[in-house]
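At position 215 of the sequence shown the residue is numbered 215 (the working numbering), and the sequence of numbers has no breaks. Structure record follows, encoded as structure tokens.
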Amino acid sequence: MAPVKVDIWSDFVCPFCYLGWRKLQAAIEQSGLEVDLEWHSYELNQTAPPCYEGTLPEFLAEIMGGEPVERVEASLDILSEKMKEWGIEYNWKDAKNGNTFNAHRMSKLAFEKGLGKEYRERMYKAVHIDGLPIGEKEVLRKLSIEVGLSEKEVDEVLDGIVYTQEVRADEYDGIERQIQAVPHYVFSNNIVISGAASKERFLAALLGRDCNGEGTEWQPTPNCSANLHNTGG
1 MAPVKVDIWS DFVCPFCYLG WRKLQAAIEQ SGLEVDLEWH SYELNQTAPP
51 CYEGTLPEFL AEIMGGEPVE RVEASLDILS EKMKEWGIEY NWKDAKNGNT
101 FNAHRMSKLA FEKGLGKEYR ERMYKAVHID GLPIGEKEVL RKLSIEVGLS
151 EKEVDEVLDG IVYTQEVRAD EYDGIERQIQ AVPHYVFSNN IVISGAASKE
201 RFLAALLGRD CNGEGTEWQP TPNCSANLHN TGG
């Protein structure tokens, strides 16, 4: 039986991408299937500075059109409890938002070297638990070497333009597919899930059951760039 292919568009600074990854991992383990994951780059803000100077709630309130900061903070508290259920100690008070282009380029190198999974886990932890600004080159350099990439190769990425075309190709593909929020999953059986769905919904997709078919009710799935207050799923 051929492996189930799953294409994933995500951004490191999106907490729902981290949460969705945890749920998908659990679904894969429960399914017992062989699954081939292919990760694709998606930048929520291509013009972001290396590190946004304000707090995460202030940043989110701004991009959400002037949402009250207090309401954003309340939503983040709810999200924190959701993530805790999946073993993630979400530290939104220290989370740093910023540009992820270089982090996506470095991800391409990590996957080439067989360290893709370790790299992604470290980036998610760096942003959402450790409060590290991965948009800053020195921080990204240290973390990349930490997961096992060589100093020489890391510096070649940071000091040059290697993997730029690959990242832009991912993003162009996302535009062609009209992906407007992440995480976004496309399964080889043509089932598509946008957002951090439940483990049960991921499991159904892996097994080839249409998640959007008649007679099946699913909760809305939370994602980045849509509605922060939708923290269900």
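Just so you know, even glycine gets a beta-carbon here, dropped at the ideal spot from N, CA and C.
Taking the CB atoms as reference points, tell me whether residue i and residue j lie closer together than 8 angstroms.
i: P49; j: N99; result: yes
i: I129; j: N91; result: yes
i: D7; j: V182; result: no
i: Q30; j: L203; result: yes
i: W9; j: H184; result: yes
i: V35; j: P57; result: no
i: K113; j: L149; result: yes
i: V127; j: A95; result: yes
i: L109; j: R122; result: no
i: N223; j: A196; result: yes
i: R141; j: V154; result: yes
i: K5; j: S188; result: yes
According to the neighbour-count rule (16 or more other Cβ atoms, all chains shown, within 10 Å of its Cβ), is residue i buried or exposed?
i: K23; result: buried
i: N97; result: buried
i: N190; result: exposed
i: D170; result: buried
i: T231; result: Unreliable placement is indicated for T231, whose pLDDT of 39 sits below 50; the coordinate value is still reported in the next sentence. Counting Cβ neighbours within 10 Å, T231 comes out buried, since at least 16 surround it.
i: L228; result: Since pLDDT at L228 reaches only 39, below the 50 mark, its modelled position is unreliable, and no value is offered.
i: P3; result: exposed
i: T221; result: buried
i: G233; result: Summary for G233: the model assigns pLDDT 44, below 50, so the residue's position carries little reliability; its value from the coordinates is reported in the next sentence. Buried, since its Cβ has 16 or more Cβ neighbours within 10 Å.
i: M1; result: exposed
i: Q175; result: Note that residue 175 corresponds to Ile in the displayed sequence, not to Gln. Under this definition I175 is an exposed residue.
i: A74; result: exposed
i: E85; result: exposed
i: G32; result: exposed
i: R209; result: exposed
i: E156; result: exposed
i: I78; result: exposed
i: Y172; result: exposed
Could you tell me which residues DSSP puts in a beta bridge with residue i?
i: V182; result: C224
i: E238; result: Since the first residue shown for the chain is 1 and the last is 233, residue 238 is missing from the structure and cannot be characterised.
i: S194; result: H184
Give the single residue among the options whose Cα lies nearest to the Cα of residue i.
i: Y42; options: D36, C14 and V35; result: C14
i: A61; options: Q180, G54 and V69; result: V69
i: H104; options: G116, K93 and D94; result: G116
i: N45; options: Q180, Y119, I28 and Y124; result: Q180
i: L19; options: E53, T47 and I88; result: I88
i: I161; options: M106, G54, A74 and F59; result: M106
i: G54; options: E118, K93, Y163 and Q178; result: K93
i: E136; options: Q165, E151, Y52 and K5; result: Y52
i: V147; options: C17, Y124 and I78; result: Y124
i: Q178; options: V192, Q165 and E166; result: V192
i: E81; options: E118, E166, E67 and F16; result: F16
Using the three-state DSSP reduction, which class does residue i fall into: helix, strand or coil?
i: K152; result: helix
i: L109; result: helix
i: G215; result: The predicted model places G215 with a pLDDT of 34, which falls under 50 and marks its position as unreliable; any figure quoted below should be read in that light. Coil.
i: C51; result: coil
i: I175; result: helix
i: Y254; result: The displayed coordinates of the chain run from 1 to 233. Any statement about residue 254 would go beyond what the structure contains.
i: K137; result: helix
i: R71; result: helix
i: C14; result: coil
i: I63; result: helix
i: L79; result: helix
i: L115; result: coil
i: G20; result: helix
i: K93; result: coil
i: V147; result: coil
i: Q46; result: coil
i: A2; result: coil
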